[in-house]
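Visitor: Input: one structure, supplied below.
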Amino acid sequence: MKHNFTEAKKNYQKIPVPPELESMLKQSIAQAKADMEQENHTPGTHQKKASTNPRFRRYALRGTGTAAAAVFAIALLANSSASISHAMKDIPIIGVIAQVVTFREYQHKENNMEADLKIPEIQVKDKDGIILEDSSKELNDAIQSYTDEIIAAYEADVKAAGSEGLENISLDYDVVTDNPSLFSLRFEQCITMAGASQSQKIYHIDKNTGKMISLKDLFKENADYQTVISDNIKTQMKQQMTEDENKIYWLNSDTPEWDFTAIPSDVNFYVNQSGKLNIVFDEYQVAPGFMGIVTFEIPTEILKPIVKEGYLD
Numbered sequence: 049m050k051h052n053f054t055e056a057k058k059n060y061q062k063i064p065v066p067p068e069l070e071s072m073l074k075q076s077i078a079q080a081k082a083d084m085e086q087e088n089h090t091p092g093t094h095q096k097k098a099s100t101n102p103r104f105r106r107y108a109l110r111g112t113g114t115a116a117a118a119v120f121a122i123a124l125l126a127n128s129s130a131s132i133s134h135a136m137k138d139i140p141i142i143g144v145i146a147q148v149v150t151f152r153e154y155q156h157k158e159n160n161m162e163a164d165l166k167i168p169e170i171q172v173k174d175k176d177g178i179i180l181e182d183s184s185k186e187l188n189d190a191i192q193s194y195t196d197e198i199i200a201a202y203e204a205d206v207k208a209a210g211s212e213g214l215e216n217i218s219l220d221y222d223v224v225t226d227n228p229s230l231f232s233l234r235f236e237q238c239i240t241m242a243g244a245s246q247s248q249k250i251y252h253i254d255k256n257t258g259k260m261i262s263l264k265d266l267f268k269e270n271a272d273y274q275t276v277i278s279d280n281i282k283t284q285m286k287q288q289m290t291e292d293e294n295k296i297y298w299l300n301s302d303t304p305e306w307d308f309t310a311i312p313s314d315v316n317f318y319v320n321q322s323g324k325l326n327i328v329f330d331e332y333q334v335a336p337g338f339m340g341i342v343t344f345e346i347p348t349e350i351l352k353p354i355v356k357e358g359y360l361d
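Numbering (our numbering), first residue to last: 49 to 361.
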């Protein structure tokens, strides 16, 4: 444990200070020195605030229920923050902290129709632990809108199917990125009917500003990041298909309207533990369904000329 803490501390100390923060830091030090000279008989005390990184217990997809229960039951349960396990760190971060503080659960079961959705509530705080209400509301509203659409579609299916439907929907979440620059919350949805369909949705908070961001915000103004990333993905697709005949992507296919041409502006992405940008496509977006969700890691070397400092390694 002591070794792990020492290594973590070393890694933390290697994080570069952004120029604007360095300037503010120098000003603060100068002011502190002046204050101490004025009140040299009363040394100040400062406490470091510990940051938190939420961990989540993953839930397996429930099996399809039997026809034993014909009663329509919807449970929307609020859980206290004690239900969420948080991993505390002793290493402070500069900027905001985003964390899951509670979650609620939408559950329904009728005949062979079943839904189980876990919907988190996020708090975004500044470095002093004060909740940033606007930032928190922006993210929670986006999550609410996303999950409301899933619930509405499911309830419409239940109504249309009567007692003859066969459908199972699960939605779970995890923190896929939590580094000094980004907090990224990933949702994973699975819909099972005749077959299974999987999709993801990832939301991001910039820890320097507390604001929600999209992929374009990682790059310099007017940078043609979509072309750079898309060209690299096409290269990876071709290479993978050459090396493995079982891998198929819609690229130069017999159905050109299906072919991958470029990433959309709202493409799913995350930054992995190695600091590399990963682009995520749901089933059927760029390949046949049997390929599932596919992810492409983009080399940082080709992004260096256009990416803003501090987001990628």
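Don't be surprised by glycine CBs; every beta carbon is placed ideally from N, CA and C.
Quick caveat, the model's predicted, so the values are computed rather than measured.
Do you know how far the Cα of GLU212 is from the Cα of ILE261?
Guide: Just so you know, the alpha carbons of ILE261 and GLU212 end up roughly 43 Å apart.
Visitor: Could you check which residue in GLU162, ASN188 and MET161 has the C-alpha nearest to that of VAL149?
Guide: ASN188
Visitor: Please determine, among GLN288, PHE151 and ALA209, the residue with the shortest C-alpha to C-alpha distance to GLU162.
Guide: ALA209
Visitor: What are the partner residues of GLN246, as DSSP defines its beta bridges?
Guide: Note: GLN246 sits in a beta bridge opposite CYS238.
Visitor: For GLY243 and HIS252, what's the separation of their Cα atoms in angstroms?
Guide: Whole-angstrom Cα-Cα distance: 31 Å.
Visitor: In the DSSP assignment, what are the bridge partners of VAL224?
Guide: Answer is none; VAL224 lacks a bridge partner.
Visitor: Write down the C-beta distance between ASP254 and LEU230 rounded to the nearest angstrom, noting that I regard them as a contact closer than 8 Å.
Guide: 7 Å
Visitor: Taking the alpha carbon of TYR221 as the reference point, which residue from SER245, ASP196, ALA201 and ILE191 has its own alpha carbon closest?
Guide: The option with the nearest alpha carbon to TYR221 is ILE191.
Visitor: Out of curiosity, what's the CA-to-CA distance linking PRO228 and ALA200?
Guide: 36 Å
Visitor: Would you call ASN300 buried or exposed, if buried means 16 or more other Cβ atoms sit within 10 Å of its Cβ?
Guide: exposed
Visitor: Leaving out the 5 sequence neighbours to the left and right, which residues in its chain are closer than 8 Å to TRP306 when beta-carbon positions are compared?
Guide: Excluding residues within five positions, the ones whose Cβ falls inside 8 Å are TRP298.
Visitor: With distances taken between CB atoms, is the gap from LEU219 to GLN246 smaller than 8 Å?
Guide: Not a contact, by the Cβ cut-off of 8 Å.
Visitor: Can you give me the C-alpha to C-alpha distance between GLU362 and THR225, rounded to a whole angstrom?
Guide: Outside the displayed range of the chain (49 to 361) lies residue 362, so it cannot be described from this structure.
Visitor: Could you check the C-alpha separation between ASN159 and THR348 for me, to the nearest Å?
Guide: The straight-line gap from Cα to Cα measures roughly 50 Å.
Visitor: DSSP three-state call for TYR359: helix, strand or coil?
Guide: coil
Visitor: Let's test the definition: count the other Cβ atoms within 10 Å of the Cβ of GLU357 and tell me whether it reaches 16, buried, or not, exposed.
Guide: By the 10 Å Cβ count, GLU357 comes out exposed.
Visitor: What does the Cβ neighbour count give for LEU214, buried or exposed, with the cut at 16 atoms within 10 Å?
Guide: exposed
Visitor: Below 6 Å CB to CB, which residues in the same chain sit around GLY143 once its five sequence neighbours on both sides are set aside?
Guide: These residues qualify, in order along the chain: LYS255 and ASN256.
Visitor: Do you know offhand how far THR303's Cα is from GLU269's?
Guide: Roughly 35 Å separates the two Cα atoms.
Visitor: Helix, strand or coil: which one does DSSP assign to ALA271?
Guide: coil
Visitor: By DSSP, does THR303 sit in helix, in strand, or in coil?
Guide: coil
Visitor: Taking buried to mean at least 16 other C-beta atoms within 10 Å of its own C-beta, is PHE235 buried or exposed?
Guide: buried
Visitor: In the DSSP assignment, what residue or residues form a beta bridge with ASP330?
Guide: Residue pairing of ASP330 in beta bridges, as defined by DSSP: absent, with no partner found.
Visitor: So, using beta-carbon positions, are SER296 and ILE327 closer together than 8 Å?
Guide: For the record, residue 296 in the displayed sequence is Ile; it is not Ser. Cβ distance not < 8 Å, so ILE296 and ILE327 don't count as in contact.
Visitor: Are LYS173 and GLU153 close, meaning C-beta to C-beta below 8 Å?
Guide: no
Visitor: Per DSSP, MET289 is paired with what?
Guide: Beta-bridge pairing links MET289 to no other residue.
Visitor: On the DSSP letters alone, give me the boundaries of the alpha helix (DSSP H) that LYS185 sits inside.
Guide: The continuous alpha helix (DSSP H) containing LYS185 extends over residues 181–209.
Visitor: Give the C-beta separation of GLU331 and GLY340 to the nearest angstrom, bearing in mind that I take them to be a contact with Cβ-Cβ under 8 Å.
Guide: 6 Å
Visitor: When the distance is taken between beta carbons, is ILE277 closer than 8 Å to ILE250?
Guide: no
Visitor: Report the residue from ASP265, LEU263 and ASN216 whose alpha carbon sits nearest the alpha carbon of MET241.
Guide: ASN216
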